[in-house]
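Read left to right, the sequence shown gives residues 412 to 662 (the working numbering).
All C-beta atoms in this analysis are idealised placements derived from N, C-alpha and C, irrespective of residue type, glycine included.
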Amino acid sequence: ERLARKVVQGKGFDFTDLKGQLEQVRKLGGMGALMDKLPAQMAGRAPPADQADRQLRRQVAIIDSKSKEIVSIVDTGFAVHISRMSGSGRYVYTIGRDGKATVIDLWMKKPDKVAEIKACADARSIDTSKYKGPKGNFMDKYAIVGCYWPPNFSILDGETLEPLKIVSTRGYTVDTHEFHPEPRVASIVASHRDPSWIVNVKETGQIWIVDYADLINLKITQIEGVPFLHDGGWDATKRYFMVAANMRDKM
């Protein structure tokens, strides 16, 4: 009854309520099981059950940090793997496992997506350019998507997500020096000290420093790590980058 009042009034329905309702749906067997319980005349108008279940995994919720209420629910790619804030703090960039990148404007009265692109078939990482200094102002000028398939990273326009450059990650492993045809891009982080991204190439065990100051003459410094590079990030000073290689139990 309390939840019904919140829904009717359009106020107070927060993240905890949403989480509770989704848990109830799962306990009942998912959307497919609920569809089976609908009267025949209603079931005929409902979307296919598998489509409803998939849609639940293609959204992100924008939540007010003070009230804990849901401000907006935005359609995105499938099973969003990571979200990155823009350097300005205005936009959120998300990447779905289906390779769909989405830009959400948080300054709109009701936050919503303002750009979207299917960058590849399978992806895990996204970030923007975050450097502003003597070498130029690149704040949110570019975005980068790291793909599992095809194996590459794509540099996009930071505002429109228009593709600007695609770079293959195929190459040789650092330990056995064997050619690997499909090394996936794992984590990507943006430097605040230089116009560059740290790109981790999973199977080959290489850490790439990608200098985006000149996209036509792109500079990539390859540092040998160990396979399989996975999640990584900055230390508190943002001077040192740390990454885990889950195949070798090393950092």
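In this structure aspartate 516 is not in contact with arginine 535, their Cβ atoms being roughly 24 Å apart against a cut-off of 8 Å.
Take glycine 616, set aside five residues on each side of it, and the residues of its chain with a beta-carbon closer than 8 Å to its own are Thr584, Val585, Asp586, Glu635, Gly636, Val637, Pro638, Phe639, Leu640 and Ala656, in chain order. Histidine 492 is not bridged by DSSP to any residue. Cβ contact annotation for arginine 468 (same chain, cutoff 7 Å, sequence separation greater than five): Phe489 and Ala490, in chain order.
Closest by C-alpha distance to isoleucine 473, out of Lys521, Phe590, Ile620 and Tyr553, is Lys521. DSSP lists no bridge partner for histidine 641. Here DSSP, grouped into helix, strand and coil, assigns glutamate 593 to coil.
Under the three-state reduction of DSSP, aspartate 551 is assigned to coil, being neither helix nor strand.
For aspartate 622, the three-state secondary structure derived from DSSP is strand. Threonine 513 is bridged by DSSP to Thr505 and Glu527. With a threshold of 16 other beta carbon atoms within 10 Å, proline 606 meets it and is buried.
With contacts defined by Cβ atoms closer than 8 Å, tyrosine 623 and isoleucine 566 form a contacting pair. In the DSSP annotation of this structure, the continuous segment of the beta strand (DSSP E) that includes isoleucine 577 starts and ends at 574–579. The beta carbons of threonine 487 and glycine 510 sit about 12 Å from each other, so the pair does not count as a contact at 8 Å. Distance between asparagine 563 and threonine 580, taken at the CA atoms: about 5 Å. Beta bridge pairing from DSSP links serine 476 with no other residue. The three-state secondary structure of glycine 544, taken from DSSP, is strand.
Between the C-alpha atoms of aspartate 660 and glycine 557 there is a straight-line separation of about 23 Å. Around isoleucine 620, the same chain offers Ser607 and Thr632 as residues with beta carbons nearer than 6 Å, after the five sequence neighbours per side are excluded.
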